[in-house]
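Okay, so here's the structure we're looking at.
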Amino acid sequence: VGLRVGPLASLDAVLALNKHGIGVLHAAACQGHLNVCKFLVEELGGDVNIAGKEDITPFMAAAESGDVPTVEYFLDHSGDVTKADVRGCTVLHHAAGTGCCKVTEFLLSKGIPVDIDCGLGTPLFHAANNGKDKTLKILLDHKADAF
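1 is the number of the first residue of the sequence shown in UniProt numbering; add one for each residue after it.
Next up, the structure:
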């Protein structure tokens, strides 16, 4: 990956969550910094499914970034598509609810159920609730149901 950790670096400190419930993998993922994510996962053993504040995972943060390569990397490294945050939102909810069309299309192309619902509505409901008309159309084109 190209990055290296010095001998005095504490892996626990690098991989821990800060007082706001955010880890460095979450931070890199939400910006779509794929090389940093690769380093944290491959070299330091970072967990793409670690629950941070409100149970949001780095995988969910990547979905909100709109960066398909980072989302694909996390999916290939055991990203859990059924894990939900405290609001019942999965990775597809996060992509659709923030209007990330390319990520939404990518996840659906990988067979993620369009109507996945962990208790508080489907991705279509979240896209509509957040005014994300383009992701709403993508979900409807995939025969999504609101409830």
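Idealized CB from N, CA, C, for every residue including glycine. All of these numbers come straight from a predicted model, not from anything done at the bench.
- Less than 9 Å divides the Cβ of Val-114 from the Cβ of His-142.
- With contacts defined by Cβ atoms closer than 9 Å, Val-81 and Val-68 do not form a contacting pair.
- No Cβ-Cβ contact shorter than 9 Å links Tyr-73 with Lys-110.
- When Thr-122, Leu-120, Gly-119 and Gly-97 are compared, the shortest CA-CA separation from Thr-135 is found for Gly-97.
- Ala-28 and Gly-21 have their C-alpha atoms roughly 14 Å apart.
- Per DSSP, the beta bridge partners of Leu-17 are Gly-23.
- Asp-12 is classed as exposed because its beta carbon has fewer than 16 other beta carbons within 10 Å across all chains shown.
- The residue among Gly-131, Met-60, Ala-128 and Lys-53 with its C-alpha nearest the C-alpha of Lys-19 is Lys-53.
- Here Asp-12 carries a helix assignment [DSSP, helix/strand/coil].
- Within 10 angstroms of the beta-carbon of Ala-128 lie 16 or more other beta-carbons, which makes it buried.
- Relative to Lys-83, the option among Val-103, Asn-49 and Leu-139 whose CA is nearest is Asn-49.
- Uninterrupted beta strand (DSSP E) stretches at least 3 residues long and entirely within the stretch 71–116 do not occur.
- Counting the other Cβ atoms within 10 Å of the Cβ of Asp-133 gives fewer than 16, which makes it exposed.
- The three-state reading of DSSP puts His-33 in coil, since its state is none of H, G, I, E or B.
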